[in-house]
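Residue numbers (our numbering), protein chains in the order written: chain R, 1 to 354; chain W, 1001 to 1354.
A short worksheet on the structure shown next.
2 protein chains.
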Amino acid sequence: MQRRKTRAVQCGAVTIGGGAPVSVQSMTKTHTEDTRATLQQIRELADLGCEIIRCAVPTRAAAGALEQVVKGSPLPVVADCHFDYRLALASLEAGAHGVRVNPGNMSEEAGLREVFRTAALEGRKVRIGVNSGSVRPRSGMNVQAAEDDLAELMLRSALECCAAAESEGCTSLVLSLKASDVPTTIRAYRSAAEACDYPLHLGVTAAGPPQLSLVKSAVGIGTLLAEGIGDTIRVSMTGPPHDEVEAAFSILRALGMRPQAGPEIISCPTCGRCGVDLVELVQEVSRRLKGCKKDLKVAIMGCIVNGPGEAAEADVGIAGGKDFGYLLRRGKKARKVDGSQLADALLDEIDSMD
Amino acid sequence: MQRRKTRAVQCGAVTIGGGAPVSVQSMTKTHTEDTRATLQQIRELADLGCEIIRCAVPTRAAAGALEQVVKGSPLPVVADCHFDYRLALASLEAGAHGVRVNPGNMSEEAGLREVFRTAALEGRKVRIGVNSGSVRPRSGMNVQAAEDDLAELMLRSALECCAAAESEGCTSLVLSLKASDVPTTIRAYRSAAEACDYPLHLGVTAAGPPQLSLVKSAVGIGTLLAEGIGDTIRVSMTGPPHDEVEAAFSILRALGMRPQAGPEIISCPTCGRCGVDLVELVQEVSRRLKGCKKDLKVAIMGCIVNGPGEAAEADVGIAGGKDFGYLLRRGKKARKVDGSQLADALLDEIDSMD
């Protein structure tokens, strides 16, 4: 897949755009002033592979606390600032690797320009993050026109802000254009991809509870990534940020954009042909493979229809029969195994592989 | 979004392609011969909105049982047949509304042609369902080339089979080209969308355990749908078919392609600005809205940054403050509510709405 060409923007040690791997970010859900809890959460997210962290800076106290957070954080820290440009200035002073501003609610233009000048001087990046909640479609439009218009309005607001930033010498810019509905989000980012060379931070905003957010984010972020659009992603979920990071990596992995950490299980949905308890088998194998770091594709198939074929695409696999199964290794039948021994046989085989 | 133009194919009372809404299908996981369990599962899936059901027909006994299944089923029934063309003939004789054949494993060409002639005579549809497991890339290719080639090989295999079907007068054809990895799946369907006017049945095969499958399916199916490709979908999951149907609808809803049955919750991910227990609030509201059929967008936002704006996009909402919240109705602040009363106030407001 051809990725969209963008300028490269540095966020601490992480490069966004310019051909760098799509990075995963999240946001702390602690109060930023509680630096101990905040740093603890950042370390946990870093352990899960998170690469950039954002912290809310709603007050001067939070901006003040940021200095300690930046010092202790293993990840580059971006300050999320709204309404008051002085919070962004204070965050840059505290050493934040970047700031996120929303032109929809930071209305003091001279102040915003000061933020851009300071960021340019200090070599920090700025994300211009427009949300659908901060721009309003023209009144009297029908739903479809309003949605089209919303995407257009979001983009226009972002690009006007970029022009102001560039005129202040601030060129390390990343854009985001998040709507809470997926079609508007996709439309806004597709237009942005045409209109500029800024790296894009992808996300669906206010995506909702975990299960719903997972689908909305996978469809929205996934579609854009599959079209070559997007340089850094954040899954937004009403739940622990750890789940956001795991969801983000699962989207990237689904598209083959980040290496799998550990084995990938492919398993059939089962049907009337299935002669073994496949759901149970998949659960057991998944459980027993937790922590395994081998980069293997493991196929667990209920029958011979797709079993040998799909197991052949995998490094190792099982194709079930009636109360038995074939153990397959790189597409060849290794041996016939009793139905009760399938998990053990598969795990032994995996153990023996490099 | 512009949907790809296809011919219309009839599956019982359900139209696939030709501008019809994207339909949701699943597959029974019972033994088809157990007609009681099979019909019970079909009825449960129909209640969830499933529109087409497929049953495995691995034996003559299963084909025989199909007659009773077809008679009792509220949904059109498609017989899933592999290896032996006589199973497809017997399924058509049993009254199946369609058959699915896989040219990769039904090698007896004369027999397959007889299936096409019979389907044409009886006015039934045939899905030509190629899986990556049934075709093999040429040896000696590197991984990327093999994946490209696999998508091409799948399409070529499907189109050759279509040509044979057409030459027997069988034109009610639906194609599927499922791989167990998302990029190959996307590539194969994109090529098919260019190459023919057959309706496309989308899915990622052997997608794995529920959480993994949800992401792979949302990314794979979602990307194609967002490009206007796809006429009927099946999410394949190693788990109950009910979860497959719910996942399929959540993908369609994320793209605005099927109406929401009941309220949709949008909620923010929370961050250091949040002054109420939003996760708990979202869970409580979700739980209490179960079964509500009102077509409303409900915003539950932790703070005022995106709160009023995004709550304004919604019909009703909460924007949290410090231990209190604003109740919002169609974008206007209705009243200030104590932090402990947020769920009650929101649900009262929803109750009062048409």
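The C-beta atom is built at its ideal place from N, Cα and C for all residues, glycine as well.
Closer than 8 Å to chain W by CB, residue i
{"i": "K71(R)", "result": "no"}
{"i": "S352(R)", "result": "no"}
{"i": "A96(R)", "result": "no"}
{"i": "H82(R)", "result": "yes"}
{"i": "P58(R)", "result": "yes"}
{"i": "I409(R)", "result": "Absent from the structure is residue 409(R), since the part of chain R shown begins at 1 and ends at 354."}
{"i": "P209(R)", "result": "yes"}
{"i": "L48(R)", "result": "no"}
{"i": "E194(R)", "result": "no"}
{"i": "S157(R)", "result": "no"}
{"i": "R273(R)", "result": "yes"}
{"i": "D244(R)", "result": "Here the sequence assigns Glu to residue 244(R), which means Asp is not the residue at that position. Yes, E244(R) counts as interfacial toward chain W."}
{"i": "S361(R)", "result": "The shown model of chain R, from 1 to 354, leaves out residue 361(R), and the question about it has no answer."}
{"i": "G375(R)", "result": "Chain R is shown from 1 up to 354; residue 375(R) falls before or after that span and cannot be answered."}
Within-8 Å CB hit, residue i to chain R
{"i": "L1255(W)", "result": "yes"}
{"i": "V1014(W)", "result": "no"}
{"i": "H1031(W)", "result": "yes"}
{"i": "D1295(W)", "result": "no"}
{"i": "P1269(W)", "result": "yes"}
{"i": "I1186(W)", "result": "yes"}
{"i": "K966(W)", "result": "This structure cannot speak to residue 966(W), because chain W is shown only from 1001 to 1354."}
{"i": "C1161(W)", "result": "no"}
{"i": "G1239(W)", "result": "yes"}
{"i": "D1181(W)", "result": "yes"}
{"i": "C1055(W)", "result": "yes"}
Unbroken alpha helix (DSSP H) run spanning residue i, endpoints
{"i": "L1089(W)", "result": "1085-1093"}
{"i": "S107(R)", "result": "First-last for S107(R): undefined, no H or E at that position."}
{"i": "I350(R)", "result": "342-351"}
{"i": "T1015(W)", "result": "Run containing T1015(W): none in the alpha helix (DSSP H); it sits in the beta strand (DSSP E), 1014-1016."}
{"i": "V245(R)", "result": "241-254"}
Residue i - containing beta strand (DSSP E), residue span
{"i": "T205(R)", "result": "Segment: none, T205(R) is in no beta strand (DSSP E) and carries neither H nor E."}
{"i": "K1333(W)", "result": "1332-1338"}
{"i": "I1053(W)", "result": "1052-1056"}
{"i": "Q1025(W)", "result": "1023-1027"}
{"i": "R127(R)", "result": "125-131"}
{"i": "A20(R)", "result": "Here A20(R) belongs to no beta strand (DSSP E), and DSSP marks it neither H nor E."}
{"i": "V316(R)", "result": "316-320"}
DSSP state of residue i mapped onto helix, strand, coil
{"i": "I1221(W)", "result": "helix"}
{"i": "V1009(W)", "result": "strand"}
{"i": "K71(R)", "result": "helix"}
{"i": "E264(R)", "result": "strand"}
{"i": "V77(R)", "result": "strand"}
{"i": "R100(R)", "result": "strand"}
{"i": "K178(R)", "result": "strand"}
{"i": "I1300(W)", "result": "strand"}
{"i": "Y198(R)", "result": "coil"}
{"i": "I229(R)", "result": "coil"}
{"i": "G1325(W)", "result": "strand"}
{"i": "V1279(W)", "result": "helix"}
{"i": "L1048(W)", "result": "coil"}
Buried or exposed (CB count within 10 angstroms, at least 16 for buried), residue i
{"i": "R36(R)", "result": "exposed"}
{"i": "L327(R)", "result": "buried"}
{"i": "E349(R)", "result": "buried"}
{"i": "M1(R)", "result": "exposed"}
{"i": "K965(W)", "result": "With chain W covering only 1001 through 1354, there is no way to say anything about residue 965(W)."}
{"i": "Q1041(W)", "result": "buried"}
{"i": "Q1341(W)", "result": "exposed"}
{"i": "P58(R)", "result": "buried"}
{"i": "R1187(W)", "result": "buried"}
{"i": "E1313(W)", "result": "buried"}
{"i": "R1330(W)", "result": "exposed"}
{"i": "S167(R)", "result": "exposed"}
{"i": "G272(R)", "result": "buried"}
Cβ separation of residue i and residue j, assumed to be a contact under 8 Å, to the nearest whole Å
{"i": "R117(R)", "j": "G49(R)", "result": "Going by Cβ atoms, the distance from R117(R) to G49(R) rounds to 34 Å, so no, they are not a contact pair."}
{"i": "D315(R)", "j": "M353(R)", "result": "7 Å"}
{"i": "N102(R)", "j": "G123(R)", "result": "Actually they do not touch by this definition, with Cβ atoms about 22 Å apart."}
{"i": "R1054(W)", "j": "R1007(W)", "result": "With 8 Å as the limit, R1054(W) and R1007(W) do not qualify as a contact, their Cβ atoms being about 21 Å apart."}
{"i": "E364(R)", "j": "A13(R)", "result": "Nothing about residue 364(R) can be reported from this structure: the residues present for chain R run from 1 to 354 only."}
{"i": "P269(R)", "j": "M1027(W)", "result": "7 Å"}
Chain B contact for residue i (CB, 8 Å cutoff)
{"i": "V99(R)", "result": "Note that chain B does not occur in the displayed structure, where the protein chains are R and W."}
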